[in-house]
């Protein structure tokens, strides 16, 4: 009985290699996700189409206009006569932001009162609208400060502005260039793991079920543990291999290397693949058809993807949803990957995440052996 | 099949309520040299701000440790009139917002000389839901519909009943249509619950015409069912069909549809690829109808693209279906 495990594993590996689609998929997935998808994850918004309604026609308002036109964030492809026409353009989706400068703006600002500039953003996409307003405000402030500095007029009260700004300094740590891709890359590696360690073992077991070969295993003296382990060990190795490949790609293409110990990353990846494969075996055990199993798995995987802090921060969620995420293994491994990769966080500082992953893995394996019945 | 009816509802509710990019809780710590009146003023300002949670006062040597362990996202160092904000910029997009929040709070003592008023059109409260609910609808419909139909033909191939269908005098078109009908009815029930929930529970407006919205959604459902059928006629086994529909399609739909990341920002090549993602056009059109209140004439481009895709998939499935087995 000692040597049954390697034999069963050899069968799994042979079956995997014989498959036409799976080996290609396993190589292509990390390449696609790590090479191409980071290009998609670009949060700062560029090419905001802005239209300026200038009722002032002063030195200041033309300066604001040229600052907006020369900014990387904005482009000015459209023009409008009045506010209503501009709004119409916005509704057609041709304009994202309307900057309307009231008449006598420059004169009024010298006197320290008067109508403010009004900014109107299309906020259907809240992030885009908010960022557009933020950038536009910064651009306008810089234009005003510049004019004030040139004309040496204190009545712009620009000294207040620059004075206040110089007292506050901002220092960005861990990602000084502000590269959002570096933040997303470790998370994209998790997606590779998440998909491979759930869908592949599930489909493997369900194929045995649908073809009836699982019954042949059931009548042999192979124990439940041996059967599950033989199924899963190849996927654990595969997961570590894929993470290694993904890390190499991230280094070669995006120049991203872990700030901390790479072994911490591998440990996190290993615990995570234990968790997810145990989870998928449980689902396979309780499902009757392949389609049903996939539906159930999909239901959970999509939650893992969208609610674990991969794309949107967990801290922005309502409290009940934040509590829910404590049951999601990806939450911990994403934190581990990002912290170790970008901040060089130590193993001891992440003890909570590693412990939770271990606990969840133990839980899913208990569940998996519990739900696996050799007899119907 | 209960799961097919319950799953979309739970997913829509979960994502509609929970996914948000609003940054409303920034944990920060402060380093204080001396408690001058100015420092006290700034501390109260930070404490009273709803977006910021002041976790405590720390020593300067601990700054790196608390940031690295992720306990706080920013540290404000206050010493003799200087304010130094140290941000955890690992998440660069969040740190920009956090930085500007904190700066504006610290600045609040000095009056801003330049007044700017802002209007957020269509979404004055800047709710992320306006962005995410159409996205989640686009994602759920296409994946669930495709997963339902993708095994239908390939299963016949696996069990060997395909030969019977091929030699029967029924036209392939009818077989393909008949395979769709039950799933179509299921999807219509889903559509009704999803629209009702997003309007009444998630507070999504339906500013446009309801019948326009329904036409658009029904077209999208047919398209998604067709996509599943097409995969089913192409695939050799159920495993491959399900892998394609559940796993391979999920990533491009999440990343290239404009649900998470704005499509305008994509590099040119990826932008071209995003044109063939049906969810991209659907999400854009749903936003226009539900939030901006445009009529059919406003979404004619998206609508016709979806139509063309549906016809192409239908033709493709029938052609592949007709092919003799090897």
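Residue numbers (our numbering), protein chains in the order written: chain P, 97 to 472; chain C, 395 to 720.
From the three backbone atoms N, C-alpha and C, an ideal C-beta is built for every residue, glycine too.
| Asked | Found |
| --- | --- |
| Endpoints, the alpha helix (DSSP H) within which residue 111 of chain P is located | 100 to 114 |
| Limits of the unbroken beta strand (DSSP E) element including residue 471 of chain C | 468 to 473 |
| Where residue 675 of chain C falls, given that 16 or more other Cβ within 10 Å makes a residue buried | buried |
| Distance, residue 426 of chain C Cα to residue 440 of chain C Cα | 13 Å |
| Neighbour flag for residue 445 of chain P against chain C, beta carbons, 8 Å | yes |
| Residue 660 of chain C: contacting residues in chain P (beta-carbon distance under 7 Å) | 136 |
| Segment contact, 8 Å Cβ cut-off, at least three pairs: the stretch 353 to 370 of chain P with the stretch 396 to 412 of chain P | no |
| Validate contact between the stretch 285 to 298 of chain P and the stretch 482 to 491 of chain C using beta carbons, cut 8 Å, 3 pairs | no |
| Short Cβ contact (8 Å threshold) for residue 408 of chain P with residue 415 of chain C | yes |
| Per-residue contacts from residue 418 of chain C into chain P (C-beta, under 9 Å) | 411, 412 |
| CA-to-CA distance, residue 315 of chain P to residue 411 of chain P, given in whole angstroms | 50 Å |
| C-beta atoms of residue 287 of chain P and residue 364 of chain P nearer than 8 Å | no |
| Residue 437 of chain C versus C:463, C:668, C:473, residue with shortest Cα-Cα distance | C:473 |
| Collapsed DSSP secondary structure at residue 525 of chain C in the structure displayed | helix |
| Distance between beta carbons of residue 428 of chain C and residue 475 of chain C, contact taken as under 8 Å | Not a contact, Cβ separation roughly 11 Å. |
| C-alpha distance - residue 250 of chain P paired with residue 242 of chain P, whole-angstrom precision | Since pLDDT at residue 250 of chain P reaches only 48, below the 50 mark, its modelled position is unreliable, and the value read off the structure follows with that caveat. So the alpha carbons of these two residues sit roughly 12 Å apart. |
| Beta-carbon spacing of residue 637 of chain C, residue 299 of chain P below 8 Å | yes |
| Per-residue contacts from residue 434 of chain P into chain C (C-beta, under 7 Å) | 484 |
| Minimum Cβ-Cβ distance from residue 469 of chain P to chain C less than 8 Å | no |
| Distance CB(residue 191 of chain P)-CB(residue 147 of chain P) smaller than 8 Å | yes |
| Test item: CB-CB of residue 335 of chain P and residue 289 of chain P under 8 Å | yes |
| 9 Å Cβ cut-off: residues of chain P touching residue 557 of chain C | What residue 557 of chain C touches in chain P: nothing, since even the nearest Cβ is about 20 Å away. |
| Closest Cα partner of residue 575 of chain C within the set C:586, C:587, C:623 | C:623 |
| Which of helix, strand or coil DSSP assigns to residue 212 of chain P | coil |
| Residues bridged to residue 423 of chain C (per DSSP) | C:450, C:469 |
| heavy atom of the ligand SAM below 7 Å from residue 366 of chain P C-beta | In the structure on display, the ligand SAM does not appear, and there are no ligands present to speak of. |
| Whole-angstrom distance between residue 235 of chain P and residue 463 of chain C, CA atom to CA atom | 35 Å |
| The stretch 593 to 616 of chain C: positions lying closer than 9 Å to chain P by Cβ | none |
| Closest Cα partner of residue 655 of chain C within the set P:406, P:392, P:351 | P:406 |
| Selection from C:630, C:513, C:703 that minimises the alpha carbon distance to residue 179 of chain P | C:513 |
| Spatial neighbours of residue 465 of chain P in its chain, beta-carbon cut-off 6 Å, leaving aside the 5 residues before and after | 320 |
| Residue from C:418, C:678, C:537, C:631 with nearest C-alpha to residue 397 of chain P | C:537 |
| Cα-Cα separation, residue 460 of chain C to residue 196 of chain P | 44 Å |
| At least 3 beta-carbon pairs within less than 8 Å: the stretch 533 to 547 of chain C vs the stretch 610 to 623 of chain C | yes |
| contact_flag[the stretch 679 to 687 of chain C, the stretch 588 to 607 of chain C] where n(CB pairs < 8 Å) is 3 or more | yes |
| The stretch 119 to 136 of chain P touching the stretch 158 to 174 of chain P, judged by at least three CB pairs closer than 8 Å | no |
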